[in-house]
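Report on the following structure.
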Amino acid sequence: METTPAVVLVSLLLPLSAAAAAVCCGSPAAGEPSGTTARAEDGRLLAFPTAEGYGRFARGGRGGRVTHVTNLDDCGQGSFREAVEAEGPRTVDLPPLTESSRGERIAAE
């Protein structure tokens, strides 16, 4: 089975969705832990309360902004490229892919 860029992107962003949901639903100031955050035994902040494995300490978009992708254009406001190349912590909100957008190759440096 061939891996498409969309599958790779979703695979990379999916683990962050739970953390993003927690951030969007009322988080404290940028990157500050709230009363409902979980910590590991060594005191490090977990990505989300039930996080396990290699990415359990991933910061993800915590404390950053949410960028909504409204088109898959190569540049411009609301474009996928603008969201991917933005600086700082962020959560990228992708719309469902349509038949016309499937199979397009999107590459970011």
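Residue numbering for the sequence shown is -20 to -1, 1 to 89, as defined by mature numbering (1 follows the signal peptide of the UniProt record, and there is no 0). Idealized CB from N, CA, C, for every residue including glycine.
{"Query": "Bounding residues of the alpha helix (DSSP H) (the contiguous stretch that carries R61)", "Result": "F60 to E65"}
{"Query": "Opening and closing residue of the beta strand (DSSP E) in which D73 lies", "Result": "R70 to D73"}
{"Query": "Proximity winner among G68, E67, T50 and R45, relative to F60 (alpha-carbon distances)", "Result": "T50"}
{"Query": "DSSP-derived helix/strand/coil call for P76", "Result": "coil"}
{"Query": "Rounded straight-line distance, which links the Cα of T30 to that of L74", "Result": "24 Å"}
{"Query": "For R45, the three-state DSSP class (helix, strand or coil)", "Result": "strand"}
{"Query": "8 Å Cβ cutoff met for R39 and L26", "Result": "no"}
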